[in-house]
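Novice:
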Amino acid sequence: MHHRPLIWMAIVGSLLLIMGLSLSGPKESNPPTPSELAQAAPDEGAPEAAIDSTRDADPVETAQSEPPWNDFIVREGDNLSLIFSRAGFTDTDLFRVANGNNGRSLKRIYPGETIGFQSNAEGDLLALRHQQSPLLTTTYIRDHDLFIATDETREPDRIARDVSMTIDSSLFLAGTDAGLSDAMIMELAGIFGGVIDFVLDPRAGDTIHVLYEELMLDGARFDDGPILAASFTNRGETFEAYRYTDSEGDTSYYNELGVSMRKAFLLAPLDFTRVSSNFNPNRLHPIYKTHKPHRGTDYAAPRGTPVYATGSGRVIEAGYTRPNGNYVFIQHGEQFETHYLHLHRLRVKKGARVKQGDIIGTVGSTGAATGPHLHYEFLVNGVHRNPRTVHKILPKARSLPEEELPRYLASIRQPTRQLASLRNAKHLALAE
Ligand SMILES: [Zn+2]
0 MHHRPLIWMA IVGSLLLIMG LSLSGPKESN PPTPSELAQA APDEGAPEAA IDSTRDADPV
60 ETAQSEPPWN DFIVREGDNL SLIFSRAGFT DTDLFRVANG NNGRSLKRIY PGETIGFQSN
120 AEGDLLALRH QQSPLLTTTY IRDHDLFIAT DETREPDRIA RDVSMTIDSS LFLAGTDAGL
180 SDAMIMELAG IFGGVIDFVL DPRAGDTIHV LYEELMLDGA RFDDGPILAA SFTNRGETFE
240 AYRYTDSEGD TSYYNELGVS MRKAFLLAPL DFTRVSSNFN PNRLHPIYKT HKPHRGTDYA
300 APRGTPVYAT GSGRVIEAGY TRPNGNYVFI QHGEQFETHY LHLHRLRVKK GARVKQGDII
360 GTVGSTGAAT GPHLHYEFLV NGVHRNPRTV HKILPKARSL PEEELPRYLA SIRQPTRQLA
420 SLRNAKHLAL AE
């Protein structure tokens with residue numbers, strides 16, 4: 000019952016398509032079909048009708064070497080069948096390419112990618128190329144009834160860069176003003192997240208110097224490369240971090256003595272980018288003294304700001320009480336506990352395992368709170384300690400093993416000098 004109308008629709012549709020192809024002239028919005036291309040240049044295998052401006056080859060040059068590529072950008076909601084028909088090819092062609100011996104990458108296409116078609120004068124598909132990124136293109140070349148895929152990968156050029164910035168209002172604004180991407184600023188904050196609380200610590204006049212790589216493709220910026228080294232001077236105290244790949248192949252950041260920058264606890268229990276838009280609201284507004292005695296640190300922050308587990312561990316309490324509002328307690332190993340109060344929403348349940356940096360809830364004003372803020376507590380062996388200074392009494396972070404140190408220290412000699420000279424230049428500039 001149901002397939003007869005479908006068959007008719009298909010037949011009528013095909014007829015309309017064929018009529019459309021033969022009756023209409025060159026369409027304004029559609030790229031040329033193979034038959035149109037063939038008509039445009041009857042005596043040459045490579046027509047000069049370069050209608051598609053996305054083609055990367057020069058038409059004159061192409062005429063001498065190979066048939067031109069007709070490129071299509073994958074749009075939202077596209078599938079291969081749609082793109083093939085837009086290019087003037089059939090599902091049979093698609094089947095041959097996708098189900099050839101290795102049509103693997105063609106099974107997944109994403110908006111923004113480019114799919115190019117190459118055909119002969121008769122309109123037969125000769126090759127298809129799928130550009131998945133500027134660094135990876137897969138080309139399927141016809142071999143009888145099969146298409147054989149080959150990958151072509153490119154390596155971007157790495158250019159060494161350095162940048163210096165002074166904090167006026169926040170790390171985020173300083174980084175943005177210096178031309179760093181958001182991702183790079185977050186990476187920078189991540190590197191220093193165990194020694195600096197980016198909500199409460201930064202002061203106007205703090206300086207940051209970064210050595211990093213920029214990835215270039217065909218002479219244009221393509222992407223951020225890694226941060227190679229960075230120094231952060233906070234209220235006169237300088238922290239340095241160096242990227243190092245050890246003999247096991249693990250890459251991490253270490254200070255000038257080879258001590259890991261990755262600490263057991265993050266200093267800031269919440270997303271600093273959400274709090275730093277006005278410089279340090281925690282000093283502009285009175286701190287909410289909602290608990291007596293006050294045994295933690297309060298972070299005034301917009302409702303909904305993500306709250307992180309400062310260390311990995313297990314959720315031992317997650318619930319609601321009148322004074323605490325929505326709250327989460329996390330146990331870290333034998334000795335340590337962290338508490339997060341007045342949350343708007345909880346994102347974890349009692350018993351859950353969490354990793355450092357996991358979002359456990361959002362800032363709110365539930366319970367005995369006069370405004371949206373996070374009340375954060377740190378307990379050592381059941382005793383409340385000041386979370387702002389507790390990192391100084393915590394066990395030392397992992398150091399590079401003895402046998403790694405000589406190679407590490409040699410590798411940081413040059414960047415250490417470079418960071419020092421950037422700091423000196425900054426001092427001179429400020430002195431003038
Ligand atoms: Zn509090």
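Residue 0 is where the sequence shown starts when you use numbering that gives the first Met the number 0, and the numbers rise one by one after that. Cβ coordinates follow ideal geometry from the N, Cα and C atoms, glycine included.
#1: Can you tell me where the beta strand (DSSP E) holding G434 begins and where it ends?
#2: Nearest-angstrom Cα distance between I108 and Q117?
#3: I want to know whether the segment 253 to 260 touches the segment 233 to 243 - three or more CB-CB distances under 8 Å.
#4: Opposite S364 in the DSSP bridges: which residues?
#5: Kindly indicate which residue of L427, K395, E213, P301 has the alpha-carbon position closest to the one of M183.
#6: Return the CA-CA distance between A263 and S169, expressed in angstroms with no decimal places.
#7: In the DSSP assignment, what residue or residues form a beta bridge with G115?
#8: Ordered along the chain, which non-local residues of its own chain (more than five positions away) have a Cβ less than 7 Å from that of F221?
#9: For ligand 1, I want to know if L378 counts as a neighbour, meaning its beta carbon is within less than 8 Å of at least one of the ligand's heavy atoms.
#10: Following the continuous alpha helix (DSSP H) through G189, name the residue where it begins and the one where it ends.
#11: DSSP beta-bridge partners for R141?
#12: Determine, using beta carbons only, whether T320 and G366 come nearer to each other than 9 Å.
#13: Does the beta-carbon of L340, which I'm using as the reference point, lie nearer than 8 Å to any heavy atom of ligand 1?
#14: Return the chain-ordered list of same chain residues with a C-beta closer than 8 Å to the C-beta of M260, the five sequence neighbours on each side being excluded.
#15: Cβ atoms of L265 and Q355: under 9 Å apart, would you say?
#16: Give the range of the alpha helix (DSSP H) segment to which T91 is assigned.
#17: Between R54 and I114, what straight-line distance do the alpha-carbon atoms span, to the nearest angstrom?
#18: Just to confirm before moving on: does the CB-CB distance between T206 and S163 stay below 9 Å?
#19: Can you tell me whether T361 is buried or exposed, with buried defined as 16 or more other CB within 10 angstroms of its CB?
#20: Can you tell which of T91, G76, Y139, F94 has its C-alpha closest to the C-alpha of W68?
Specialist: Judging by the given coordinates:
#1: Residue numbering for the chain in the displayed model covers 0 to 431; residue 434 lies beyond these limits and cannot be assessed.
#2: Approximately 19 Å, taken between the alpha carbons.
#3: Taking a cut-off of 8 Å for Cβ pairs, the segment 253 to 260 and the segment 233 to 243 touch, as three or more such pairs fall below it.
#4: Bridge pairing for S364: absent [DSSP].
#5: The shortest Cα separation from M183 among L427, K395, E213, P301 belongs to E213.
#6: Distance from the CA atom of A263 to the CA atom of S169, rounded to whole angstroms, is 25 Å.
#7: Checking the DSSP bridge columns, you'll see G115 partnered with D70, R128.
#8: Hits under 7 Å: P133, P155, L214, M215.
#9: No; taking the cut-off as 8 Å, the Cβ of L378 has no heavy atom of ligand 1 nearer than that.
#10: The continuous alpha helix (DSSP H) containing G189 extends over residues 181 to 191.
#11: DSSP output for R141 lists F146 as bridge partner(s).
#12: Between T320 and G366, the gap from beta carbon to beta carbon is short of 9 Å.
#13: Remark: the C-beta of L340 is in contact range of ligand 1, defined as less than 8 Å to any heavy atom.
#14: Once the five neighbours on either side are set aside, the close Cβ partners of M260 are I190, F191, G193, V194, A240, S251, Y252, Y253, N254, A396.
#15: Inclusion of Q355 and L265 in the CB contact set at 9 Å is warranted, their separation being smaller than that value.
#16: Looking at the DSSP string, the run of the alpha helix (DSSP H) that includes T91 is 90 to 97.
#17: Below a pLDDT of 50, predicted positions are generally treated as unreliable, and R54, at 45, falls in that range; the measurement from the model is reported next regardless. So the alpha carbons of these two residues sit roughly 11 Å apart.
#18: Yes, the Cβ-Cβ distance between T206 and S163 is below 9 Å.
#19: Classification for T361: buried.
#20: The shortest Cα separation from W68 among T91, G76, Y139, F94 belongs to Y139.
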